[in-house]
């Protein structure tokens, strides 16, 4: 007699701030967490390399509708750069391509190189990245040995700062400990690679940890071990780790609508008016509950974009 399937996946809405361990891809970490929560639908907001650790927001259920907005949020990292060695992946998981001696460096030289890589800059993403060409990730092409030319693109680096050069300056390992704050599409691996070239010796990422992602500036993170321990105590303990969907919408301007306006939006109808805010907005009802995302056009009319399921159960709007 076959054993009945243990996992019964359920409808679940909320956001988990996962502390991703090293050695797992973001998708592997996501699937591990999804099985623990027995969630029907889940997605993450912004990949972390297997080497990297730290904040990986996981969206369950209706929260996946705001994941795209979180992908473009400002992020912060601590990283360790190893000077003198360039790898094919720009991090410690790759194969060394070339080694060069590390020149005598001082703090002024390092700080000048960091400043040159701060602000609105043009950056060439790593060949081993999840960027797609022809519907296929670049890393898949690179692993087959295909030649890939990656075009530079503009990114925002809000901060690229030296935390410590003690290892290097004291005659020890050629390491620089760095802090990065950046916008969407920025690769820390590329920053470290370009820093190494500016210093004349090459470099790659030896360690990387994501500290925060807007709007989660002071996150309470949960490791897989934490979650497994809570799951053993019961589903209610596990669910207590989740943040409400509204917690992920703090970066959007909020726009409150009346019940009649909410009903129109729920049926895909725009709301005429003179809304002062322009562009993307978080739509809330008069009780402060999030209804979804919308956009106010140049004429001041509110149009629905991605509404949550509970916002689509409104009674029909009267003409």
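Numbering (this note's numbering), first residue to last: 983 to 1301. C-beta atoms are modelled at their ideal positions from N, C-alpha and C, and glycine is treated no differently.
Distance, residue j Cα to residue i Cα
{"i": "residue 1284", "j": "residue 1253", "result": "5 Å"}
{"i": "residue 1073", "j": "residue 1240", "result": "52 Å"}
{"i": "residue 1172", "j": "residue 1242", "result": "50 Å"}
{"i": "residue 1167", "j": "residue 1096", "result": "19 Å"}
{"i": "residue 1189", "j": "residue 1178", "result": "15 Å"}
{"i": "residue 1207", "j": "residue 1056", "result": "27 Å"}
{"i": "residue 1001", "j": "residue 1193", "result": "10 Å"}
{"i": "residue 1044", "j": "residue 999", "result": "16 Å"}
{"i": "residue 1070", "j": "residue 1186", "result": "9 Å"}
{"i": "residue 1088", "j": "residue 1214", "result": "52 Å"}
{"i": "residue 1050", "j": "residue 1147", "result": "37 Å"}
{"i": "residue 1025", "j": "residue 1157", "result": "35 Å"}
{"i": "residue 1143", "j": "residue 1094", "result": "10 Å"}
{"i": "residue 1154", "j": "residue 1084", "result": "12 Å"}
{"i": "residue 1033", "j": "residue 1191", "result": "9 Å"}
{"i": "residue 1099", "j": "residue 1198", "result": "25 Å"}
{"i": "residue 1248", "j": "residue 1065", "result": "55 Å"}
{"i": "residue 1260", "j": "residue 1138", "result": "23 Å"}
{"i": "residue 1165", "j": "residue 1159", "result": "20 Å"}
{"i": "residue 1042", "j": "residue 1101", "result": "34 Å"}
{"i": "residue 1013", "j": "residue 1262", "result": "30 Å"}
{"i": "residue 1170", "j": "residue 1162", "result": "8 Å"}
{"i": "residue 1015", "j": "residue 1038", "result": "11 Å"}
{"i": "residue 1123", "j": "residue 1237", "result": "Reliability of the predicted coordinates at residue 1123 is poor, the pLDDT of 47 falling under 50, and the value obtained from them is presented with this limitation in mind. Each residue's Cα considered, the two are about 45 Å apart."}
{"i": "residue 1257", "j": "residue 1281", "result": "9 Å"}
{"i": "residue 1003", "j": "residue 1210", "result": "14 Å"}
{"i": "residue 1031", "j": "residue 1086", "result": "31 Å"}
{"i": "residue 1264", "j": "residue 1082", "result": "51 Å"}
{"i": "residue 1028", "j": "residue 1053", "result": "5 Å"}
Secondary structure of residue i, DSSP reduced to three states
{"i": "residue 987", "result": "Residue confidence for residue 987 is low, a pLDDT of 46 falling below 50, so the modelled location carries little weight and cannot support an answer."}
{"i": "residue 1149", "result": "helix"}
{"i": "residue 1060", "result": "strand"}
{"i": "residue 1099", "result": "coil"}
{"i": "residue 1076", "result": "coil"}
{"i": "residue 1210", "result": "helix"}
{"i": "residue 1230", "result": "helix"}
{"i": "residue 1197", "result": "coil"}
{"i": "residue 1188", "result": "strand"}
{"i": "residue 1224", "result": "coil"}
{"i": "residue 1094", "result": "helix"}
{"i": "residue 1285", "result": "strand"}
{"i": "residue 1104", "result": "strand"}
{"i": "residue 1202", "result": "coil"}
{"i": "residue 992", "result": "strand"}
{"i": "residue 1144", "result": "strand"}
{"i": "residue 1082", "result": "coil"}
Neighbour-count burial assignment, residue i, 16 or more Cβ in a 10 Å radius
{"i": "residue 1205", "result": "exposed"}
{"i": "residue 1286", "result": "buried"}
{"i": "residue 1005", "result": "exposed"}
{"i": "residue 1079", "result": "exposed"}
{"i": "residue 1276", "result": "buried"}
{"i": "residue 1107", "result": "buried"}
{"i": "residue 1105", "result": "buried"}
{"i": "residue 995", "result": "buried"}
{"i": "residue 1274", "result": "buried"}
{"i": "residue 1219", "result": "exposed"}
{"i": "residue 1200", "result": "exposed"}
{"i": "residue 1134", "result": "exposed"}
{"i": "residue 1222", "result": "exposed"}
{"i": "residue 992", "result": "exposed"}
{"i": "residue 981", "result": "Here the chain has residues from 983 to 1301 only, and residue 981 is not among them."}
{"i": "residue 1141", "result": "exposed"}
{"i": "residue 1017", "result": "exposed"}
{"i": "residue 990", "result": "exposed"}
{"i": "residue 1279", "result": "exposed"}
{"i": "residue 1350", "result": "Because the chain here runs from 983 to 1301, residue 1350 falls outside it and cannot be looked at."}
{"i": "residue 1152", "result": "exposed"}
{"i": "residue 1269", "result": "exposed"}
{"i": "residue 1216", "result": "exposed"}
{"i": "residue 936", "result": "Nothing about residue 936 can be read from this structure; the chain reaches only from 983 to 1301."}
First through last residue of the beta strand (DSSP E) which encompasses residue i
{"i": "residue 1161", "result": "1157 to 1164"}
{"i": "residue 936", "result": "Outside the displayed range of the chain (983 to 1301) lies residue 936, so it cannot be described from this structure."}
{"i": "residue 1293", "result": "Counting along the chain, residue 1293 falls outside any beta strand (DSSP E), and DSSP gives it neither H nor E."}
{"i": "residue 1238", "result": "1236 to 1238"}
{"i": "residue 1001", "result": "996 to 1002"}
{"i": "residue 1067", "result": "1067 to 1069"}
For residue i, the first and last residue of its enclosing alpha helix (DSSP H)
{"i": "residue 1249", "result": "Neither: residue 1249 is in no alpha helix (DSSP H) and is coded neither H nor E."}
{"i": "residue 1261", "result": "No alpha helix (DSSP H) holds residue 1261; the beta strand (DSSP E) holding it covers 1261 to 1266."}
{"i": "residue 1178", "result": "1170 to 1180"}
Residue i beta carbon near the ligand SAM (any heavy atom closer than 7 Å)
{"i": "residue 1257", "result": "No copy of the ligand SAM occurs in the structure displayed, which carries no ligand at all."}
Quiz item: In chain order, which beta strand (DSSP E) runs of at least 3 residues are fully inside the segment 1012 to 1060?
Solution: 1024 to 1026, 1035 to 1042
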